[in-house]
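If you're matching positions, the sequence shown starts at 32 in my numbering and goes up one per residue. Ideal placement from N, C-alpha and C gives every residue a C-beta, glycine not left out. The structure appears below as structure tokens.
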Amino acid sequence: LTMAILPVLLVEASDETYALPLRSVQETLRVSASQIHSIEGQEVLCLPDRSIPLLRLSELLDAPDAHRSDLYRKAVVIAIGDVSAALLVDKLIGQESTVIKAMGNFLKDSPTIAGATIGGDGRVRLVLDPAALIDEAISSEAKRAS
């Protein structure tokens, strides 16, 4: 199967729109700078009940960061099984169901990208791979711990 229809959450980072499969989204949050801490070189998002690894989507995708001047940003907490991570984004756009096309060898060097979709405006949106994002958070945490 090379195409699938999936519900996704649309997010924005560095003026680009990305799709994140909704089945992996636990929650969305408004995040202040005071909730982001660095522990042994790894950024974490401190929530009232736990701390979880934090990934900045713009940095992860080597996109220019907008260097937002406001104090608040948005985070999407994603989970696969009982492992979770927070993804810092500039904007939450909304949900939609979309046709996702796997890109095969075109994106073999980009493990965090699962495929692509075309939005209602005709622009291509990359679909993020939640499992690869969590793996990235875990491997970043492990590298800094060693």
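CA-to-CA, the gap between Ala-50 and Leu-40 works out to about 6 Å.
Counting every other CB atom within 10 Å of its CB across the protein chains shown gives Val-62 a total of 16 or more, marking it as buried. Counting only residues of its own chain and dropping the five nearest sequence neighbours on each side, Ala-168 has a CB closer than 7 Å to the CB of Pro-84, Leu-86 and Ala-116. A residue is called buried once 16 or more other Cβ atoms fall within 10 Å of its Cβ, and Ile-109 is buried on that count.
For the set Asp-166, Ala-64, Ser-89 and Leu-91, the Cα lying nearest the Cα of Leu-78 is the one of Ala-64. Apart from the 5 residues on each side of it in sequence, Val-75 sits with its Cβ closer than 7 Å to the Cβ of His-68, Ser-82, Ile-83, Pro-84 and Leu-85 in its chain, given in chain order. Ranking Ile-144, Tyr-103 and Ser-128 by CA distance to the CA of Asp-121 puts Tyr-103 first. The beta-carbon distance between Ser-89 and Ala-44, rounded to whole angstroms, is 5 Å. This is short enough to meet the 8 Å contact definition. Contact between Asp-160 and Ala-147 is ruled out by a C-beta separation of about 12 Å, above the 8 Å threshold.
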